[in-house]
Amino acid sequence: MTNDPAITPELIEKHGITPDEYRRIQEILGRDPNFTELGVFSVMWSEHCSYKNSKPELRKFPVSGSRVLVKAGEENAGVIDIGDGWGVAFKMESHNHPSAVEPFQGAATGVGGIIRDIFTMGARPVFSLNSLRFGPLTEARNRQLFSGVVSGISHYGNCIGVPTIGGEVYFDESYNGNPLVNVFCLGVLRHEQIARGAAHGVGNPVFYVGAETGRDGLAGAAFASRDLTEESKQDRPAVQVGDPFKEKLLLEACLELLASGCVAGIQDMGAAGLTCSTCETASRGGTGVEIDLALVPKRETGMTPYEILLSESQERMLIIVKLGEEEAVKRIFEKWDLPYAHVGYVRDDGMMRVKNDGETVVEIPASKLADDAPIYHRETRPRLLPDPIDPETIPPTDILDALPTLLSHPSIASKQWVWRQYDHMVRNGNVVRPGSDAAVFLIREANKLIAATSDCNAIYCALDPREGGKIAVAEAARNLACSGAIPLAVTDNLNFGNPHNPENFWQLQQCVEGLAEACRAFDTPVTGGNVSLYNQSPAGAIDPTPTVGMVGIIESEKHVTTQFFKDEGDVILLLGKPGNEMGGSHFLNVIYGRKEGLPPRVDLVEEKAIHDALRALIRMGLVKSAHDCSEGGLAVALAEAGFERKLGAAVSFADVPDFNKWDEIALFNESQGRVVLTVGKANSAAAQSLLEWRGVPVYRLGTVAGDTLKITTATGKTYEWPVADLYAAWSESIPAAMEP
Amino acid sequence: MKFAVIRFPGSNCDQDCFQALSESMNADVEYVWHKEHSVDGFDAIVLPGGFSYGDYLRCGAIARFSPVMSAVKEAASAGKLVIGICNGFQILCESGLLPGALVRNQGLHFVCADTTIRVETAHSPFTNALTAGAVLKIPVAHGEGCYTADAETLESLNKNDQVLVRYSDPNGLTTPEANPNGSLENIAGIVNRERNVFGLMPHPDRAADKRTGSEDGKLIFESMLNWLK
Amino acid sequence: MKANVVVLPKATVLDPQGVAVKNAVHHLGLETVKSVRVGKFLEIEIDGPENEATEAKLHEIARDLLSNPVIEDYKLEILGDEKQSLTRGK
Amino acid sequence: MKANVVVLPKATVLDPQGVAVKNAVHHLGLETVKSVRVGKFLEIEIDGPENEATEAKLHEIARDLLSNPVIEDYKLEILGDEKQSLTRGK
Ligand SMILES: Nc1ncnc2c1ncn2[C@@H]1O[C@H](COP(=O)(O)OP(=O)(O)O)[C@@H](O)[C@H]1O
Ligand SMILES: [Mg+2]
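Protein chains in written order, with the working numbering: chain A, 381 to 1120; chain B, 811 to 1039; chain C, 1213 to 1302; chain D, 1213 to 1302.
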């Protein structure tokens, strides 16, 4: 390649390759790499593709279980058995950095990417979730990011027809300049339909299908290579533009193709595009793959091999076709009006060989490139854990004012402004719509009820990453239990700062250990996920945010439960001890600007016992509503439970044991393992004794009543709020911030 | 009697419509691909929701030129029943089978929510199982559902009893708050002069199963089945 | 040849997007802005030199496909081969 | 004064809408169309005569609010008071 720059130490460094790594490349090749090969190594050995910094940590996750059909890391997404020959494939991905630069397209292509991962497995995408973090809405830039990200998700998801049925949104200073956009997708498939991303069958033809390749995302891959060629002098966009319409065609074509039995292997082109898909399919298949770039459909002229291989253009797939089935495959591509090309063959020599019009430009042992990236054990430096909050430091608060203030904080307030913009009803499966603890979706193909939630309280993780990690899983499991579901498995998205900072890396390690411990406790193996490091702005790293996506199954329609009070007169019970932990609470943060103190401890055994007891009660048909206590504690949970039907409650802690004598603490502490549930009056004694018999703490708090929330505390004081006022504070907050 | 559900590239409620008709209504249904030139053999045609051809340019603007639409036009003029739901309504307006146009929601955002709609007349193949004044709970999900038409068109729609459903509150009052997208006179769905082509933004296909909310949409399909009997 | 097509909402049709942009512009400090209308701009490149048949066809396409006469007006501008588009480049 | 702003996707950025329109135009019989790019057109009316401060502010708004420089270019055209917009009316 005559025009290629010479391989200098500067060029190597610019590619993010260390001298040690370069020596390793020389060993693998037995020679110096050329320029294109250097680019290939740099993307494949980036953190994004190789997990070179996080792999030793990820090995701590439990990955197996009786329901696991495809394990984490084996394929594009894990697959879990849901019974009767059906399985679900699901995964979460981040698109943080692209969204920071171009919120609409960044978020949209994030959705496109995760949906592609799912149908690459042979599964039909069924629904999505999204987990978002922004700086405070008081700043115009954050409003712009929030609104752009939501429109981007809405655009892509609505257009392709995959409902977005749940998620979470938090606002905190630590995300200023570095928003988080994590998207989750779940698909359904028959066990025998699981597709593999492996290049099997020497001699099989390799097809490229989907959008033409352009110079998209080149700067995003490993580095910005601005002055490589004449043609590339113009600006190269670091952000890709998504085309949900093209992806919809690709989705239908791929599922039709997989059903036709003509496919030996399939792999989407995500990060590192053609490079990653060719070497990974070869490596998984124990074969080699040879392609010719001259045959690749292109959107622009004059693209170099380097550019074609590293392009991150969206909506593309690599398909290994069974020899002899080429015509059948072409017919399907043509039916769906998709560009395609027969670009190469599966070989038996273990090489990833790339030609350009016959001339070999890349020749690398595929498995070494895909699997032999260096692994680093990064240095960690622990931070001291904060002390628990001393109640004496909590000033007397205007409680009547504090509750609506908390409810109107955008992190707690209604997210209806968000999910109204998402088509959450397409595919006709909403049994529980957005707005309750977990979304419940009827997968019609399989006739199964699946519940899903995403959770992470990053304040806890910042103050105590290990406990924070445990709580993220525990809260997800609790949300599922409240909707009547049995948790099946977990996907996670680890969002952290620069791993070279030992404190950041310690946070990552602690969070992972916490997640892993909790996943074991709830018997929910991790089936996959994503790592996003370098989430920093000049002001510092984001709060560690290990987002958890958890999926559960509901055995019968009768078990579906929501968080909302149903009828006046129903008895309100608190499951779990009233608690008194104030560290890391939203009360301290929102009312006093104090993001501090030791966050709540979670006892995983007790937590699990509570979930099991709740599910048992639900199965007996005794539970009319169940809502977990999370941000804002018991008072917020009681208020939220009344919002759907505008029902109030008459509640008293006065004659109930164990309630704290500080009203602030009793109402707003965030101790874990608590659920507010309601039962019909006639069943309340039975429910209570059943729970006591199971050995879980239960307290009778009062009844659903009237149109005010009336709470008498252990000090004998009574606070009363009209539900309409609380509802207004909660429901109008985000719209008012966004549309003044 | 047999229903056709047209599949454009980018249709995404085709399966929902198919299921609602076949499972909830026990009707005979088949998919028809957009490249087909004929819809012979079908008694009723469903243009489903979605983003046909990506909805680039304007919603329904490109779908209008697809081969199957010429066949749909012929079928419409032969008096067969045509129902366009959401994107289908947009396609019907773009192709001139229905008057007026659907533009960007007044609030500028996509809106996915339950709405209640008031039936204006039982005198149509699409509402004969209902009574005027009945209120149905049927969800909407669209970004461009604001119905507009010039004064003359509007007048003739009203005069000829062509507005079949309007957004209303649960008591049947057509208040501004009940209007999810700013549609003129809360119009949610209209029929052509000949009364055999119906377009509406709400999704009866998403209101045909108790488990997922409402069953009110079935009454519209039931009307069509009555008519075809 | 090249052609540009501008499609704008008819004056009688509500343009909520235009209103939203106007409000945002006011927020950014340009309060003298009286009205904003938001439409589409299409830049079309065509093989071959300027000619009447193509121009007639372009009008047809602009009317039938690129705009919806119920709600929009269009304007077609033919740029020929050499002339630079007025509206391109900085 | 009046101003028009045209916002178009950068030449190297994928423009799926442009591709869709090009295909539709081919179907309608104008097969000589090589490329279509679709962008936004904003017609802005401003109180008061043409002046540099307003023009500078308009540039700022076009760059920060109306377009995203990462994927789009904009072009601002000042039309003054009397001049008719080139791109308006039939
Ligand atoms: N970005 C979002 N997209 C869709 N639904 C959301 C989003 N954010 C929040 N929701 C929904 O709003 C409800 C409340 O969310 P959240 O306060 O995070 O609940 P919890 O504290 O119980 O986990 C849930 O039903 C959730 O799915
Ligand atoms: Mg919850």
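From the three backbone atoms N, C-alpha and C, an ideal C-beta is built for every residue, glycine too.
Source: prediction; values computed, not measured.
Residues of its chain near residue i, where Cβ-Cβ distance is below 7 angstroms and the 5 sequence neighbours each way are ignored
i	result
A/Ala674	Asn736 and Asp737
D/Leu1220	Arg1249, Gly1251, Glu1284 and Asp1285
A/Glu401	Trp425 and Pro754
B/Ala1043	Since the first and last residues shown for chain B are 811 and 1039, residue 1043 of chain B lies out of range.
A/Ala1121	Since the first and last residues shown for chain A are 381 and 1120, residue 1121 of chain A lies out of range.
Backbone secondary structure at residue i - three-state DSSP
i	result
A/Lys795	coil
A/Met930	strand
A/Asn383	coil
A/Leu954	strand
A/Arg1054	coil
A/His475	coil
A/Thr500	helix
B/Gln825	helix
D/Tyr1286	strand
A/Ser422	helix
D/Ala1161	There is simply no residue 1161 of chain D to check, as chain D begins at 1213 and stops at 1302 in what is shown.
CB contact check: residue i to chain C, cutoff 7 angstroms
i	result
D/Glu1262	no
D/Ile1290	no
D/Ala1268	no
Same chain only: Cβ atoms within 6 angstroms of residue i, ignoring 5 sequence neighbours per side
i	result
A/Phe484	Gly528, Ser531 and Gly532
B/Ile1030	Phe936 and Pro1014
B/Gly1027	Ile948, Pro1014, Ala1017 and Ala1018
A/Ala452	Val443, Gly458, Val906, Thr907 and Gly908
Residue i - containing alpha helix (DSSP H), residue span
i	result
A/Val985	Leu984 to Arg999
A/Gln801	Unbroken run through A/Gln801: none, as it is neither H nor E.
B/Ala939	Segment: none, B/Ala939 is in no alpha helix (DSSP H) and carries neither H nor E.
A/Arg403	Pro399 to Leu409
A/Ser534	Ala520 to Ile540
A/His356	Lying before the first or after the last residue shown, residue 356 of chain A is absent from chain A, which here runs from 381 to 1120.
B/Leu967	Ala961 to Lys969
A/Ala842	Ala838 to Leu843
Minimum Cβ-Cβ distance from residue i to chain B less than 7 angstroms
i	result
A/Asp803	yes
C/Val1256	For the sequence presented, residue 1256 of chain C should be read as Ile rather than Val. For C/Ile1256, the answer is no, since every Cβ of chain B falls outside 7 angstroms of its Cβ.
D/Val1233	yes
C/Pro1281	no
D/Ala1265	no
A/Leu629	yes
Min CB distance residue i to chain D below 7 angstroms
i	result
C/Ile1273	yes
C/Val1217	no
C/Val1245	yes
A/Asp497	no
C/Lys1222	no
C/Lys1214	no
Neighbourhood of residue i by C-beta, 8 angstroms cutoff - its chain only, sequence neighbours within 5 removed
i	result
B/Arg914	Gly953, Glu954 and Cys956
A/Thr388	none
Closer than 7 angstroms to chain A by CB, residue i
i	result
D/Leu1226	yes
B/Arg976	no
B/Thr925	no
Start-to-end residues for the beta strand (DSSP E) that takes in residue i
i	result
A/Val676	Element bounds for A/Val676: n/a, residue is neither H nor E.
B/Cys922	Val921 to Val929
A/Gln647	Val643 to Asp648
D/Glu1257	Val1245 to Ile1258
**OP:** Pick out the complete beta strand (DSSP E) segments inside the region 697 to 752 of chain A, 3 residues or longer, and give them in chain order.
**Re:** As far as the region 697 to 752 of chain A is concerned, its whole beta strand (DSSP E) runs of at least 3 residues are 720 to 727, 731 to 736 and 739 to 745.
Subject >> Segments assigned alpha helix (DSSP H), at least 4 residues, entirely inside the region 834 to 907 of chain B >> reply: Runs of the alpha helix (DSSP H) inside the region 834 to 907 of chain B: 877 to 887 and 897 to 904.
**OP:** Output the residue ranges of the alpha helix (DSSP H) runs that lie fully inside the region 1034 to 1112 of chain A and measure 4 residues or longer, sorted by chain position.
**Re:** For the region 1034 to 1112 of chain A, whole alpha helix (DSSP H) runs of length 4 or above, ordered along the chain, are 1043 to 1048 and 1064 to 1073.
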